[in-house]
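Residue numbers (this note's numbering): 55 to 258. What follows is a set of notes on a single structure, which appears directly below.
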């Protein structure tokens, strides 16, 4: 919901940084992997029970790199593998944070499993929509230039990052926050399915 509004504000800064990085030989894929590494480091810190505030730095730096990889790719040339690697690493990071809270406190396990299930459903609806859009030649640049079709939804990347930041700041409130966010993921999934039905049609 917020991504399309934030893009015009952050893309110019990312593009400038992307030109600098590409100029010194940094590749988009290496930026993607570095971002994943920082995200997993934040998850590990949470899993081992460290104060959530300490995990904020690698978490936020990792998300900055997640934006920078696309900026580098726009300079050096986008590739299908780069887009594939980017979305795979995104989902690896998204799954690592709920898992970290389950490991941090076994009492969180059921709620973490619910949150992971809603992430799974939301991700499936997102990727399925992208496949059908590609099949029909449907494109969009609302979320910037992407390798995949990014269908808008109630919860997108910005909302997920804000949620993770909140979890780091108030880790003891994981269960109620995760239940609310998971429910909103289900709303997002349902809305995307209805949109797909309208755009792609129903057999027969």
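Beta carbons: idealized from backbone N, C-alpha and C, even for Gly. From a predicted model like this one, the values you see are computed outputs, not experimental measurements.
Euclidean distance between Cα positions of residue i and residue j
| i | j | result |
| --- | --- | --- |
| residue 213 | residue 147 | 15 Å |
| residue 98 | residue 211 | 21 Å |
| residue 92 | residue 101 | 14 Å |
| residue 149 | residue 255 | 31 Å |
| residue 139 | residue 122 | 14 Å |
| residue 209 | residue 152 | 16 Å |
| residue 176 | residue 242 | 7 Å |
| residue 173 | residue 231 | 14 Å |
| residue 223 | residue 167 | 21 Å |
| residue 217 | residue 164 | 18 Å |
| residue 228 | residue 162 | 8 Å |
| residue 234 | residue 226 | 15 Å |
| residue 78 | residue 215 | 29 Å |
| residue 115 | residue 184 | 27 Å |
| residue 160 | residue 240 | 24 Å |
| residue 252 | residue 145 | 27 Å |
| residue 250 | residue 63 | 29 Å |
Neighbourhood of residue i by C-beta, 6 Å cutoff - its chain only, sequence neighbours within 5 removed
| i | result |
| --- | --- |
| residue 157 | 101 |
| residue 120 | 89 |
| residue 109 | 96, 99, 100, 222 |
| residue 264 | The first residue shown for the chain is 55 and the last is 258, placing residue 264 beyond what the model contains. |
Where residue i falls, given that 16 or more other Cβ within 10 Å makes a residue buried
| i | result |
| --- | --- |
| residue 142 | exposed |
| residue 113 | buried |
| residue 133 | exposed |
| residue 193 | exposed |
| residue 75 | buried |
| residue 117 | buried |
| residue 155 | buried |
| residue 107 | exposed |
| residue 169 | buried |
Whole-angstrom C-beta distance between residue j and residue i, which should lie under 8 Å
| i | j | result |
| --- | --- | --- |
| residue 81 | residue 126 | 7 Å |
| residue 83 | residue 131 | Actually they are not in contact, since the Cβ atoms of residue 83 and residue 131 sit about 12 Å apart, beyond 8 Å. |
Nonlocal neighbours in the same chain, by C-beta distance under 8 Å from residue i, ignoring five residues either side
| i | result |
| --- | --- |
| residue 68 | 121, 122, 124, 125 |
| residue 237 | 172 |
| residue 86 | 119, 120, 123, 136, 139, 140, 143 |
Same chain, Cβ closer than 7 Å to residue i, five either side skipped, listed in chain order
| i | result |
| --- | --- |
| residue 171 | none |
| residue 71 | 122, 125 |
| residue 73 | 129 |
| residue 32 | As displayed, the chain neither begins before 55 nor continues past 258, which places residue 32 out of reach and without an answer. |
| residue 103 | 158 |
Between the segment 237-252 and the segment 176-187, are three or more C-beta pairs nearer than 8 Å?
With the cut-off at 8 Å, the segment 237-252 and the segment 176-187 touch.
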